[in-house]
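First up is the structure itself, then whatever we jot down about it.
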Ligand SMILES: Cc1cc2nc3c(=O)[nH]c(=O)nc-3n(C[C@H](O)[C@H](O)[C@H](O)COP(=O)(O)OP(=O)(O)OC[C@H]3O[C@@H](n4cnc5c(N)ncnc54)[C@H](O)[C@@H]3O)c2cc1C
């Protein structure tokens with residue numbers, strides 16, 4: 034619940050850019066999740082900073098949302114304000130050459146831009162759905178390459194909206210599927226990516242090759258959140274889940290994919306409780322069978338009840 038005074042402040046600052054009691058199932062790729070108290074979509078950076086200040090002033094919990102491709106929201110929903118960055122969409126060529134992209138630029142936007150300009154270096158990310166903000170927060174990548182290999186710098190805003198800073202790539206502590214060490218609650222505003230000159234045809238050919246590999250191995254036509262578990266050192270979560278006999282396992286309308294055992298798919302009407310129970314089952318069976326404790330990659334959030 035958002036108190037009347039805070040609600041009024043949000044409405045005054047964002048107008049139609051703030052909505053209340055918004056089902057998160059509409060904003061996550063799993064199509065699952067109870068209502069957020071508020072969903073705020075600032076129109077630009079200035080409005081975003083104003084929003085951060087309001088959240089700080091009124092002590093509102095905040096959740097940063099990219100495109101929701103790596104998020105599982107519990108059925109009881111989320112406290113406070115979900116901040117959508119989708120309107121931060123500046124995308125420009127910079128010297129180097131480099132590509133500057135604000136946090137809300139989509140993977141498709143970056144891919145199209147690099148292809149049109151004949152910029153090589155970001156092809157690996159073409160099939161990683163989401164936004165630039167989500168990519169950076171997750172150090173999103175594939176086996177051979179991840180964000181840490183291409184980021185020249187990022188801009189962040191501190192949690193209270195009091196300060197904006199630029200951090201060089203070398204200052205950033207990118208780990209496997211996470212970026213650690215940013216000031217508590219900081220929001221990624223933009224990233225500058227290093228690219229190298231190539232040709233549109235060569236860039237397209239590499240993107241097509243990688244997308245082809247992906248569609249052969251991953252269930253892309255059903256709602257999912259990508260890899261549910263992080264790969265343990267020297268192994269693959271999908272292999273361990275399959276070895277535990279769980280390929281195709283179902284709880285309610287959530288199913289361990291028959292195509293890729295590290296994906297859980299929503300067959301239609303699955304709840305977060307279904308997915309969480311399946312996650313627990315996979316974790317227990319893998320531990321029993323292989324002695325390995327799997328950790329989740331998907332960000333699980335929201336009220337417990
Ligand atoms: C079919 C499929 C395939 C996938 N394949 C891959 C893959 O190959 N490799 C891979 O790494 N991932 C993969 N993923 C997972 C997902 O695409 C990535 O994690 C992606 O980076 C999520 O981006 P997003 O914008 O949707 O972030 P969200 O899911 O919205 O958010 C993810 C996390 O980032 C935080 N966040 C978002 N924006 C910001 C910001 N501006 N500042 C600070 N924190 C922020 C959120 O609070 C959350 O904790 C896949 C997902 C799907 C559905």
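Residue numbers (my numbering): 34 to 338. Ideal Cβ placement from N, Cα and C applies to all residues, glycine included. In this text, all values refer to a predicted model and were calculated from it rather than measured experimentally.
Ligand 1 heavy atom lying under 6 Å from the CB of residue i
{"i": "residue 290", "result": "no"}
{"i": "residue 256", "result": "no"}
{"i": "residue 62", "result": "yes"}
{"i": "residue 133", "result": "no"}
{"i": "residue 164", "result": "yes"}
{"i": "residue 176", "result": "no"}
{"i": "residue 228", "result": "no"}
{"i": "residue 116", "result": "no"}
{"i": "residue 119", "result": "no"}
{"i": "residue 65", "result": "no"}
Local Cβ density within 10 Å of residue i, reported as buried at 16 or more and exposed below that
{"i": "residue 300", "result": "exposed"}
{"i": "residue 199", "result": "exposed"}
{"i": "residue 144", "result": "buried"}
{"i": "residue 233", "result": "exposed"}
{"i": "residue 139", "result": "buried"}
{"i": "residue 45", "result": "exposed"}
{"i": "residue 57", "result": "buried"}
{"i": "residue 66", "result": "buried"}
{"i": "residue 316", "result": "buried"}
C-beta contact flag for residue i and residue j at 7 Å
{"i": "residue 262", "j": "residue 329", "result": "yes"}
{"i": "residue 93", "j": "residue 114", "result": "yes"}
{"i": "residue 247", "j": "residue 160", "result": "yes"}
{"i": "residue 192", "j": "residue 218", "result": "yes"}
{"i": "residue 327", "j": "residue 319", "result": "yes"}
{"i": "residue 194", "j": "residue 284", "result": "no"}
{"i": "residue 72", "j": "residue 335", "result": "no"}
{"i": "residue 182", "j": "residue 305", "result": "no"}
{"i": "residue 253", "j": "residue 287", "result": "no"}
Among the options, the one whose alpha carbon lies nearest that of residue i
{"i": "residue 51", "options": "141, 84, 169, 91", "result": "84"}
{"i": "residue 80", "options": "105, 207, 116, 277", "result": "116"}
{"i": "residue 251", "options": "297, 219, 286, 212", "result": "297"}
{"i": "residue 171", "options": "146, 194, 207, 178", "result": "207"}
{"i": "residue 221", "options": "105, 338, 135, 101", "result": "135"}
{"i": "residue 43", "options": "291, 154, 90, 57", "result": "90"}
{"i": "residue 63", "options": "180, 259, 35", "result": "259"}
{"i": "residue 337", "options": "295, 105, 74", "result": "105"}
{"i": "residue 35", "options": "77, 95, 75", "result": "95"}
{"i": "residue 332", "options": "101, 74, 55", "result": "101"}
Within-7 Å CB hit, residue i to chain E
{"i": "residue 284", "result": "Although the question refers to chain E, the structure presented lacks it and comprises just one protein chain."}
(Q) When you compare the region 187-205 with the region 269-278, are there three or more beta-carbon pairs, one atom per stretch, that lie closer than 8 Å? (A) no
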